[in-house]
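Chemist:
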Amino acid sequence: MGYQAEIESGREAFSYLIRAWHERNGWSHRVLPGLAEVLDLGRIHNSQVSMLRNRKLASPGPEVFLALGRINQWMAAPGGVQAGPLAGHPDLIEALGQGGRPLLSDKGVPLGPGDLLEIFVGLVPPPRAFDLRIAEEEAAGLSFALADLLCAGRPWRLCRDQVLAAYPVAKAQRRERFAAVMSGQRDYSASELDAELMDLHRTLEGLGVAAEQEISADRFLDVLRQKARLQQQEGLEDLAAAIRQELVAEGSG
């Protein structure tokens, strides 16, 4: 792999890491910049956080990695997040009260500025728990698994209203695409699933299935992958034979 491809791969991995970190803690884009300023740990702007999440910040300055790494280490310090240094900033205290999980390596060590820089330039992979990349070849199977899971195997028309009410996105285009995937009219692409994953995860919560702390986003993706593999195996069954079994079952009922 050439250095440009390596950097591009690292930038993509870093976007998943930052996005997952925010979503799992329930943070807005203002939390990290606010912490950096109040704690004097570096400098990062709201727009930079947004661009990192969306893979649009090609060359962040060293102060960005310094701020993110120092904040992460502060959060992981013995005794946990302390509200004392944030006195006078109730919004930050509330945000960290809702979610204050740091980024930890696969060995449980908090990531620092150097670690984050190495991930961004593709020298090392992100921790497994924060690497949710979806391959193009698995997108169709995951779309099928998603529709089957959110409808509990029932036809879309029987659960459409309830599922659409739980889907937290207001934008009409995305709602139409979601409905088309759920009804089997189309599949998500890998990039679409990447972007949708956190909102699809929140759909579970909207349906009253589980709280976020019970089923994390990576666990949700894991369930979809397992379900997709099972569906692929079941799909090898002869269709005509399966229909005959259904007819026999209905006739004897």
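Residue numbering for the sequence shown follows my numbering, beginning at 17 and increasing consecutively. Even for Gly, the Cβ is constructed at its ideal location relative to N, Cα and C.
(1) Where does P142 sit, in a helix, a strand or coil, going by DSSP?
(2) Near V137, which residues of its chain fall below 6 Å by C-beta distance, leaving aside the five closest residues on each side in sequence?
(3) Please return the same chain residues whose Cβ sits closer than 7 Å to the Cβ of M91, not counting the five positions on each side in sequence.
(4) List, from N- to C-terminal side, the alpha helix (DSSP H) runs of 4 residues or more that fit wholly inside the region 148–224.
(5) Go to H38, then tell me how far its alpha helix (DSSP H) extends in each direction, as first and last residue.
(6) Judging by CA-CA distance, which residue of G95, A21, A256 and L180 is the nearest neighbour of E221?
(7) Please state the DSSP three-state secondary structure of L255.
(8) If we count the other Cβ atoms within 10 Å of its Cβ and call it buried at 16 or more, is G104 buried or exposed?
(9) DSSP has P126 in a bridge; who is on the other side?
(10) Have a look at I231 and I34 and give me their C-alpha separation to the nearest angstrom.
(11) Could you give the residue range of the alpha helix (DSSP H) that holds V97?
(12) Exposed or buried, N70, counting other C-beta atoms within 10 Å across all chains shown (16 or more means buried)?
(13) When you compare only the Cα positions, how much space is there between P142 and E262?
(14) By Cβ distance below 7 Å, which residues in the same chain neighbour A206 in space, the five residues on each side in sequence not counted?
(15) With a cut-off of 8 Å, do at least 3 Cβ pairs link the region 41–61 to the region 72–88?
(16) R193 to P94, Cα distance in whole Å?
(17) When the Cα atoms are used, what is the spatial distance from A304 to G128?
(18) With a 10 Å radius around its C-beta and 16 neighbouring C-beta atoms as the bar for buried, classify L246 as buried or exposed.
Modeler: Straight from the coordinates:
(1) Here residue 142 corresponds to residue number 126 of the sequence shown, with the count starting at 1. In the three-state reduction of the DSSP assignment, P142 falls in the coil class.
(2) For the purposes of this step, residue 137 is identified with residue 121 of the sequence shown, where counting begins at 1. Excluding sequence neighbours, V137 sits near I23 and G26.
(3) To locate residue 91, count along the sequence shown from 1; it is residue 75. If we look at M91 and ignore the five residues flanking it on each side, its Cβ neighbours are V97, G116 and P118.
(4) Listed in chain order, they are 152–166, 172–182, 188–198 and 206–222.
(5) Here residue 38 is taken as the residue at index 22 of the sequence shown, counted from 1. Y19 to N41 is the extent of the alpha helix (DSSP H) around H38.
(6) The count along the sequence shown starts at 1 and reaches residue 221 at position 205. Out of G95, A21, A256 and L180, L180 has the C-alpha closest to the C-alpha of E221.
(7) Counting from 1 along the sequence shown, the entry for residue 255 is found at position 239. Helix, per DSSP.
(8) Numbered from its first residue, the sequence shown carries residue 104 at position 88. Residue environment: G104 is assigned as exposed (fewer than 16 neighbouring CB atoms within 10 Å of its CB, all protein chains considered).
(9) Translated into the one-based positions of the sequence shown, residue 126 becomes position 110. P126 is bridged by DSSP to L120.
(10) Residue mapping note: residue 231 aligns to position 215 of the sequence shown, counting from 1. Residue mapping note: residue 34 aligns to position 18 of the sequence shown, counting from 1. Rounded to the nearest angstrom, the two C-alpha atoms are 19 Å apart.
(11) On the sequence shown, residue 97 is found 81 positions in, with the first residue counted as 1. Segment: none, V97 is in no alpha helix (DSSP H) and carries neither H nor E.
(12) Sequence index remark: in the sequence shown, residue 70 carries index 54 (1-based). By the 10 Å Cβ count, N70 comes out exposed.
(13) As a first step, residue 142 is located in the sequence shown; it is residue number 126 there, counting from the start. As a first step, residue 262 is located in the sequence shown; it is residue number 246 there, counting from the start. The C-alpha of P142 lies about 47 Å from the C-alpha of E262.
(14) To locate residue 206, count along the sequence shown from 1; it is residue 190. I150, A151, E152 and A155.
(15) At 8 Å Cβ cutoff, the stretches touch.
(16) Stepping through the sequence shown from its first residue, residue 193 is reached at position 177. Stepping through the sequence shown from its first residue, residue 94 is reached at position 78. Straight-line Cα distance between these residues: approximately 45 Å.
(17) The structure shown does not extend to residue 304, since the chain spans only 17 to 269, so no value can be given for it.
(18) For the purposes of this step, residue 246 is taken as residue 230 along the sequence shown, with counting starting at 1. With fewer than 16 Cβ atoms within 10 Å of its Cβ, L246 is classed as exposed.
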